[in-house]
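Visitor: Once you've had a glance at the structure underneath, I'll fire off some questions.
2 protein chains.
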Amino acid sequence: MDTSPEGPDDLIVAVEQMIRYVRQSARTGGLSTAASSTPARLSREGPQRLTELARAEGVSQPNMTQLVTRLERAGLARRTADASDGRGVLVAVTSTGVEVLDRRRAERARALRQLMEDMTGPERQATTTALPAPARVIHHRQDTSEEDRA
Amino acid sequence: MDTSPEGPDDLIVAVEQMIRYVRQSARTGGLSTAASSTPARLSREGPQRLTELARAEGVSQPNMTQLVTRLERAGLARRTADASDGRGVLVAVTSTGVEVLDRRRAERARALRQLMEDMTGPERQATTTALPAPARVIHHRQDTSEEDRA
DNA sequence: TATTGTTATACTCTATAACTATA
DNA sequence: TATAGTTATAGAGTATAACAATA
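If you read the sequences in order, they're chains A and B. Under this note's numbering, the letters of the first sequence match residues 1 to 150, in that order. Under this note's numbering, the letters of the second sequence match residues 1001 to 1150, in that order.
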């Protein structure tokens, strides 16, 4: 029943190695994946409610509370009161946060570019073509399950 | 000097999404990446010294001490004294550990297979071809830097 | 009563520094 | 003195449960 000759095991190993590599490269910028994903979203989509953020990032509300506290301490994000709802807070990225994001993005891009320079032409070609595919499928899958929950 | 039309940013996003997906799927088995990588290595290569393990996994010695302690508590690994060196310990995977690894491997394979079923034929083809390429380059890069250190 | 956010608690994963025991 | 391993300490990142404030 195997669709691919090598079986999925090789792919899993490949993905795990890529995970390690990217995580290490990401750490160079001083931010973990969790710590950078939220500022990135805030910079993309503007200030948001804490609950909304937690849901969007797929983490628990207490987790997001802590994460935002850490981001605030690092000067990357800011809490402001929500004028329309006394219970809520709005979380926004700071200008420092945006700068750090840009720097980090550049570093990761450099790491990935260097990785691809070490590939053969066909490998590079195939990678460029293939990599967005799993992402697309995952994205679609997540959207669908969110609709299920709603 | 961009080699690819889309630029590396799209690839980074793709990789990050894959990381999240695989991490979530891996968690299903009850073991994090760190907690499963070491038993996997032990099952592949046999019992090893703690220091050796730490170096191979790229973590600090205290980290490995803790990790092995957790694995022992979970019944997945075992410490034995090294007869030839009173200071050392040998870490081995248990039969339970091997079973859990197998189960986990199957679960991940299923997740990945399902992911690939949602792809178009060409996407699937390209993914199978491309995914091992970054892994190969990363692997080579790690080997080289280890030689540098030695 | 339901929702928003925080606090309390606990566990994994990670690191560095200090320590113990053996070589 | 150098090496192997553990303990101490600290911080990120994650979760659930309990709580306070507001709607």
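Backbone N, C-alpha and C fix where the C-beta goes; we use that ideal spot for every residue, glycine too.
Classify Ala35 of chain A: buried if its beta carbon has 16 or more other beta carbons within 10 angstroms, exposed otherwise.
Guide: The residue in question, Ala35 of chain A, is buried, as its Cβ has 16 or more Cβ neighbours within 10 Å.
Visitor: If you measure beta-carbon to beta-carbon, which residues of the segment 1078–1096 of chain B are closer than 9 Å to chain A?
Guide: Listed by position, the residues of the segment 1078–1096 of chain B near chain A (Cβ gap below 9 Å) amount to none.
Visitor: At 3 residues or longer, and completely inside the segment 57–94 of chain A: list those beta strand (DSSP E) runs for me, N to C.
Guide: Entirely contained in the segment 57–94 of chain A, the beta strand (DSSP E) runs reaching 3 residues are, in chain order, 77–81 and 89–93.
Visitor: Rounded to whole angstroms, what's the CA-CA distance from Glu1123 of chain B to Met1116 of chain B? Just pull it up for me.
Guide: Approximately 8 Å, taken between the alpha carbons.
Visitor: Val1137 of chain B CB to nearest chain A CB: under 8 Å?
Guide: By this cut-off, Val1137 of chain B is an interface position.
Visitor: Identify the continuous alpha helix (DSSP H) that holds Gly1121 of chain B and give its terminal residues.
Guide: Here the alpha helix (DSSP H) through Gly1121 of chain B covers Gly1121 to Ala1130.
Visitor: Is there a C-beta anywhere in chain A that falls below 8 Å from the one on Glu1099 of chain B?
Guide: So no, Glu1099 of chain B is outside the interface.
Visitor: Could you give the residue range of the alpha helix (DSSP H) that holds Ser1043 of chain B?
Guide: From DSSP, the alpha helix (DSSP H) with Ser1043 of chain B extends over Thr1033 to Glu1045.
Visitor: Quick check on this structure: which residue in A:Val100, A:Thr128, A:Val93 and A:Leu101 has the alpha carbon closest to the alpha carbon of Arg113 of chain A?
Guide: It is A:Thr128 whose Cα lies nearest to the Cα of Arg113 of chain A.
Visitor: Could you check the C-alpha separation between Arg78 of chain A and His140 of chain A for me, to the nearest Å?
Guide: So the alpha carbons of these two residues sit roughly 31 Å apart.
Visitor: Comparing alpha-carbon positions, which option in A:Arg49, A:Asp102 and A:Val68 lies nearest Ser84 of chain A?
Guide: When each option's Cα is compared against that of Ser84 of chain A, the closest is A:Arg49.
Visitor: Which residues in the same chain as Thr51 of chain A place their Cβ atom closer than 7 Å to its Cβ, once the five residues preceding and following it in sequence are excluded?
Guide: Cβ neighbours of Thr51 of chain A beyond the five flanking positions: Gln61.
Visitor: Between Leu71 of chain A and Met1064 of chain B, what straight-line distance do the alpha-carbon atoms span, to the nearest angstrom?
Guide: Each residue's Cα considered, the two are about 29 Å apart.
Visitor: Determine the contact status of Gly1172 of chain B and Leu1076 of chain B, defining contact as a CB-CB distance below 8 Å.
Guide: Chain B is shown only over 1001 to 1150; residue 1172 of chain B falls outside these bounds and no answer can be derived.
Visitor: For chain B, check one thing: does any of its Cβ atoms lie closer than 8 Å to the Cβ of Ala130 of chain A?
Guide: Answer yes: the Cβ-Cβ gap between Ala130 of chain A and chain B drops below 8 Å somewhere.
Visitor: Just the C-alpha distance for Pro1039 of chain B and Gln1066 of chain B, rounded to the nearest angstrom, thanks.
Guide: Going from the Cα of Pro1039 of chain B to the Cα of Gln1066 of chain B covers about 14 Å.
Visitor: With a threshold of 8 Å between beta-carbons, can Met1119 of chain B be considered close to chain A, or not?
Guide: At least one chain A Cβ lies under 8 Å of Met1119 of chain B.
Visitor: Leu90 of chain A to Leu53 of chain A, Cα distance in whole Å?
Guide: Each residue's Cα considered, the two are about 10 Å apart.
Visitor: Would you kindly work out how many angstroms separate the C-alpha atoms of Glu1137 of chain B and Gly1058 of chain B, rounded to a whole number?
Guide: Per the sequence shown, residue 1137 of chain B should be read as Val rather than Glu. So the two alpha carbons sit approximately 17 Å from each other.
Visitor: Considering only their Cβ atoms, is the gap separating Ser43 of chain A from Val93 of chain A smaller than 8 Å?
Guide: Against a cut-off of 8 Å, the Cβ pair of Ser43 of chain A and Val93 of chain A comes out as a contact.
Visitor: Taking just the CA atoms, how far does Ala111 of chain A sit from Ala130 of chain A?
Guide: Their backbone Cα atoms lie some 19 Å apart in a straight line.
Visitor: Using a Cβ-Cβ distance cut-off of 8 Å, determine whether Thr1127 of chain B contacts chain A.
Guide: Yes, because at least one Cβ of chain A sits closer than 8 Å to the Cβ of Thr1127 of chain B.
Visitor: Can you grab the Cα-Cα spacing for the pair Arg1105 of chain B / Glu1099 of chain B, in whole Å?
Guide: When rounded, the distance between both Cα atoms is 10 Å.
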